[in-house]
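Participant:
Number of protein chains: 2
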Amino acid sequence: MPHDSSQPGAKSRTLHLPASPMAGKLDVHIAFLPEDKAILDALQIRKRVFIKGSDITHEGQSPQSAYILRAGWACSYKLMRNGTRQVISFYVPGDLIGIRRLLLSSADDNLCAVTRVEVGEINVEDLIEAFDGNGRLAMSILWSTLKDEAILVQHLVDVGRRRPIDRVAHFFLELGSRLALLGLGTRCTYQCPLTQSLIADALGLTAVHFNRVLRQLRELKVMTFHEGWVRLLDCQRLERLADFDSSYLQ
Amino acid sequence: MPHDSSQPGAKSRTLHLPASPMAGKLDVHIAFLPEDKAILDALQIRKRVFIKGSDITHEGQSPQSAYILRAGWACSYKLMRNGTRQVISFYVPGDLIGIRRLLLSSADDNLCAVTRVEVGEINVEDLIEAFDGNGRLAMSILWSTLKDEAILVQHLVDVGRRRPIDRVAHFFLELGSRLALLGLGTRCTYQCPLTQSLIADALGLTAVHFNRVLRQLRELKVMTFHEGWVRLLDCQRLERLADFDSSYLQ
DNA sequence: CGAGCCCTTGAACGCCGTCAAACTCAGTGG
DNA sequence: CCACTGAGTTTGACGGCGTTCAAGGGCTCG
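Here the protein sequences come in this chain order: A and B.
My numbering applies: residue 6 is where the first sequence begins, and numbers increase by one.
My numbering applies: residue 6 is where the second sequence begins, and numbers increase by one.
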């Protein structure tokens, strides 16, 4: 991304994290004016850290905030009364999380840190205030939300209408593309700290069956997932299986 | 910008449809200033009508527009290569549709008129322009988008982790709540023009099995769906089945 | 009246969930 | 140093549920 360096204090409480991944993502679609970047950084009040496995909630001193994920992986999920779990989304660095909970205040899904996680906290009132003078910022946030929605749509299609093997293929292709866009690995080889049962709960499968599907894919020699490493050996065949087209990821 | 103006209006291109359902929905969350309402109405350039079964696309004179559904039902869906179909969302009057396609320009899902449909067309560039001076409008659109996302999340949970019978129960409860909010029927009795196979394609079931589930529900005397009428006979039991909580619909 | 769509029901197969057991590995504490 | 624990992964056996295939019903519309 062209523009950056440690922008000299736009507002008094700017955190000055070098190269905000979020700003980078927004850049892809809408060319930010320098002052928009400053605003976006200014919104990040303070850094918070969550340990692996902990819930990311809006408790403590900041009942009203969203987060930008700066490092680590997170996910949102819903617990069902019968004890099962549906994972809604996985989040990787640069993702904006918690906006829905925040503005709708009717969230029944939970946020959870999959690994140790660092986030930048954003205060709602600041965000709304910033919206008012800055249609471009509003547009960027809207755009980011719509992109999340596009991923959600693909996720729904996955769970609703793809065979388990195609579903798994699609999942790992999407993840690879997302990570590659961030420079965290390549489309075909990347680290993935998610457990099999977590992914299974995202894909509407049991952990047992997900494991069997992984074995199929391994035996077909198209991909492996072992000890936190994903290796897509035959991307073309995978993409044919999954009917995958990365354009929705930009 | 070719603005159609078969309509006289306060501002040159204001449509002045009495009581825009969309404005009504937005009202629920954010108190509009009078001028915001005017802006929202001004955005609706012209009315378009689509016949039952036709695709709602961005062709012809307006490659760049979203729609507000004013009358009738619509849906978005994705066709799979193997010939199956996943319905993503059903839309009822008041819903804002086509925003994702518009801003992301990478949509691989289609919009379709389930019944005869009347829409108000919104030009993107006008929308973006309106955003700039008006954070409140931007906030409203964002909020509307997030509410759609919340419905999508519930849909995902439905398909991923509920038994077919609970899934169907949840679907009809949600639909009833949405329609009741609009004054189109009550939560427990309403008209529904969707076909069984369309709903089945939304819920990740085959039409055959969906029909069997309907029979189960009928035999349990909790609900019926016949000749376009939905009757929820035992709402409490249905809500227990589906683990339904309408708070995400507002 | 025939064509086509939608709904309904039956029969049979097979996929995928459930249950169960065993293995690895990391962490903990005796 | 080793036993113990618990989480994660892997594999097998089995049964039920939902798909597929098929046929027949009612309905509207040309």
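For every residue, glycine included, the Cβ atom is placed at its ideal position computed from N, Cα and C.
Contact between the segment 201-208 of chain B and the segment 90-97 of chain B: three or more CB pairs below 8 Å?
Facilitator: Enough Cβ pairs lie closer than 8 Å, so yes.
Participant: Since residue 146 (chain A) meets chain B, which of its residues come closer than 7 Å, beta carbon to beta carbon?
Facilitator: Numbered from its first residue, the first sequence carries residue 146 (chain A) at position 141. Going along chain B in sequence order, the residues near residue 146 (chain A) (Cβ under 7 Å) are 147.
Participant: Counting only beta-carbon atoms, is residue 133 (chain B) nearer than 8 Å to chain A?
Facilitator: Along the second sequence, read from residue 1 onward, the residue named residue 133 (chain B) stands at position 128. It does; some Cβ of chain A falls within 8 Å.
Participant: So for residue 240 (chain A), helix, strand or coil by DSSP?
Facilitator: For the purposes of this step, residue 240 (chain A) is taken as residue 235 along the first sequence, with counting starting at 1. Here residue 240 (chain A) sits in helix by DSSP.
Participant: Within the segment 54-112 of chain B, note down every full beta strand (DSSP E) run reaching 3 residues or more, in order along the chain.
Facilitator: Segments of the beta strand (DSSP E) lying fully in the segment 54-112 of chain B: 70-76, 79-84 and 90-96.
Participant: Who does residue 117 (chain B) pair with in a DSSP beta bridge?
Facilitator: Start at 1 with the first residue of the second sequence, and residue 117 (chain B) comes out as number 112. B:60 and B:80.
Participant: Secondary structure at residue 165 (chain A), three-state DSSP: helix, strand or coil?
Facilitator: Reading the first sequence from its first residue, position 160 is the one you call residue 165 (chain A). In the structure shown, residue 165 (chain A) sits in a helix (DSSP, three-state: H, G or I).
Participant: Quick check for students: name the residue ranges of the alpha helix (DSSP H) that lie wholly in the segment 122-154 of chain A, counting only runs of 4 or more.
Facilitator: The segment 122-154 of chain A contains these whole alpha helix (DSSP H) runs: 129-138.
Participant: Determine the extent of the alpha helix (DSSP H) in which residue 221 (chain B) is found, giving its start and end residues.
Facilitator: For the purposes of this step, residue 221 (chain B) is taken as residue 216 along the second sequence, with counting starting at 1. Counting along the chain, the alpha helix (DSSP H) containing residue 221 (chain B) begins and ends at 212-224.
Participant: Span of the alpha helix (DSSP H) holding residue 201 (chain B)?
Facilitator: In the second sequence, counting from the first residue as 1, residue 201 (chain B) sits at position 196. 201-208 is the span of the alpha helix (DSSP H), which, as asked, contains residue 201 (chain B).
Participant: Report yes if the C-beta distance between residue 164 (chain B) and residue 103 (chain B) is below 8 Å; otherwise report no.
Facilitator: On the second sequence, position 159 is the one that residue 164 (chain B) refers to. On the second sequence, position 98 is the one that residue 103 (chain B) refers to. No, the Cβ-Cβ distance between residue 164 (chain B) and residue 103 (chain B) is not below 8 Å.
Participant: Look at the Cβ atom of residue 81 (chain A), then the Cβ atom of residue 127 (chain A), and state whether they are nearer than 8 Å.
Facilitator: On the first sequence, residue 81 (chain A) is found 76 positions in, with the first residue counted as 1. On the first sequence, residue 127 (chain A) is found 122 positions in, with the first residue counted as 1. No, Cβ-Cβ distance for residue 81 (chain A) and residue 127 (chain A) is not below 8 Å.
Participant: Taking the beta carbon of residue 224 (chain B) as the centre, do at least 16 other beta carbons fall within 10 Å, making it buried, or is it exposed?
Facilitator: Locating residue 224 (chain B) in the second sequence gives position 219, where the first residue counts as 1. Exposed, by the Cβ-count rule.
Participant: Can at least three beta-carbon pairs, one atom from the segment 140-158 of chain B and one from the segment 136-143 of chain A, be found at a separation below 8 Å?
Facilitator: At 8 Å Cβ cutoff, the stretches touch.
Participant: Using a Cβ cut-off of 7 Å, pull out every chain A residue sitting near residue 114 (chain B), in sequence order please.
Facilitator: Working through the second sequence from its first residue, we reach residue 114 (chain B) at position 109. By Cβ distance, chain A contributes 158.
Participant: Quick one, are the C-beta atoms of residue 48 (chain A) and residue 151 (chain B) less than 8 Å apart?
Facilitator: Mapped onto the first sequence, residue 48 (chain A) falls at position 43. Mapped onto the second sequence, residue 151 (chain B) falls at position 146. In this structure, residue 151 (chain B) does not lie closer than 8 Å to residue 48 (chain A) by Cβ.
Participant: Near residue 159 (chain B), which residues of its chain fall below 8 Å by C-beta distance, leaving aside the five closest residues on each side in sequence?
Facilitator: Taking the second sequence and counting its residues from 1, one reaches residue 159 (chain B) at position 154. These residues qualify, in order along the chain: 175, 179 and 253.
Participant: Chain A beta carbons: is any one of them nearer than 8 Å to that of residue 152 (chain B)?
Facilitator: Translated into positions along the second sequence, residue 152 (chain B) becomes position 147. Chain A contact via Cβ: present.
Participant: According to DSSP, simplified to helix, strand and coil, what is residue 249 (chain A)?
Facilitator: Taking the first sequence and counting its residues from 1, one reaches residue 249 (chain A) at position 244. Three-state result, residue 249 (chain A): coil.
Participant: Could you check where the beta strand (DSSP E) with residue 229 (chain B) kicks off and where it finishes?
Facilitator: The sequence position of residue 229 (chain B) within the second sequence is 224, counting from 1. Looking at the DSSP string, the run of the beta strand (DSSP E) that includes residue 229 (chain B) is 228-231.
Participant: Between the segment 110-129 of chain A and the segment 52-62 of chain A, do three or more beta carbon pairs fall short of 8 Å?
Facilitator: Yes, they touch.
Participant: Residue 201 (chain B) versus chain A: which residues are under 7 Å apart at the beta carbon?
Facilitator: One-based indexing of the second sequence puts residue 201 (chain B) at position 196. Within chain A, no residue comes near residue 201 (chain B); the closest Cβ sits about 16 Å away, beyond 7 Å.
Participant: Any beta carbon of chain A sitting closer than 8 Å to that of residue 37 (chain B)?
Facilitator: Residue 37 (chain B) sits at position 32 when you count from the first residue of the second sequence. Any reading at residue 37 (chain B) needs caution, since the residue's pLDDT is 46, under 50, leaving its predicted position unreliable; the model's value is listed next. It does not: the Cβ of residue 37 (chain B) has no partner Cβ on chain A nearer than 8 Å.
Participant: Should residue 213 (chain A) go down as buried or exposed, given a rule of 16 or more other Cβ atoms within 10 Å for buried?
Facilitator: Counting from one through the first sequence, the residue named residue 213 (chain A) turns up at place 208. Answer is exposed; the Cβ neighbour count stays below 16.
Participant: Tell me the rounded alpha-carbon separation between residue 2 (chain A) and residue 79 (chain B).
Facilitator: Nothing can be reported for residue 2 (chain A), as the shown portion of chain A is limited to 6 through 255.
Participant: Just the Cα atoms here: how many angstroms apart are residue 117 (chain A) and residue 192 (chain A)?
Facilitator: As a working note, residue 117 (chain A) is residue 112 in the first sequence. As a working note, residue 192 (chain A) is residue 187 in the first sequence. C-alpha separation (whole angstroms): 25 Å.
Participant: Using the DSSP secondary-structure output, state which residues sit across from residue 235 (chain B) in a beta bridge.
Facilitator: The residue given as residue 235 (chain B) occupies position 230 in the second sequence. DSSP, once it has assigned bridges, lists B:195 and B:230 as partnering residue 235 (chain B).
Participant: Closest Cβ-Cβ distance between residue 93 (chain A) and chain B: below 8 Å?
Facilitator: The count along the first sequence starts at 1 and reaches residue 93 (chain A) at position 88. Yes - at least one Cβ of chain B is within 8 Å of the one on residue 93 (chain A).
Participant: Quick one: Cα of residue 211 (chain B) to Cα of residue 51 (chain B), how far?
Facilitator: Taking the first residue of the second sequence as 1, we reach residue 211 (chain B) at position 206. Taking the first residue of the second sequence as 1, we reach residue 51 (chain B) at position 46. Looking at the two C-alpha atoms, the distance is approximately 39 Å.
Participant: For residue 49 (chain B), list the residues DSSP reports as bridge partners.
Facilitator: To locate residue 49 (chain B), count along the second sequence from 1; it is residue 44. Answer by DSSP bridge pairing, in chain order: B:127.
Participant: Would residue 226 (chain A) count as contacting chain B if we go by Cβ distances under 8 Å?
Facilitator: Taking the first sequence and counting its residues from 1, the one referred to as residue 226 (chain A) is at position 221. Chain B, which has no Cβ nearer than 8 Å to the Cβ of residue 226 (chain A), makes this no.
Participant: Would you mind working out which of B:226, B:234 and B:113 sits nearest residue 181 (chain B), comparing C-alpha positions?
Facilitator: As a working mapping, residue 181 (chain B) is identified with position 176 in the second sequence. Answer by Cα proximity: B:234.
Participant: Rounded to a whole number of angstroms, what is the C-alpha to C-alpha distance between residue 229 (chain B) and residue 95 (chain B)?
Facilitator: The residue labelled residue 229 (chain B) in the question sits at position 224 within the second sequence. The residue labelled residue 95 (chain B) in the question sits at position 90 within the second sequence. Roughly 20 Å separates the two Cα atoms.
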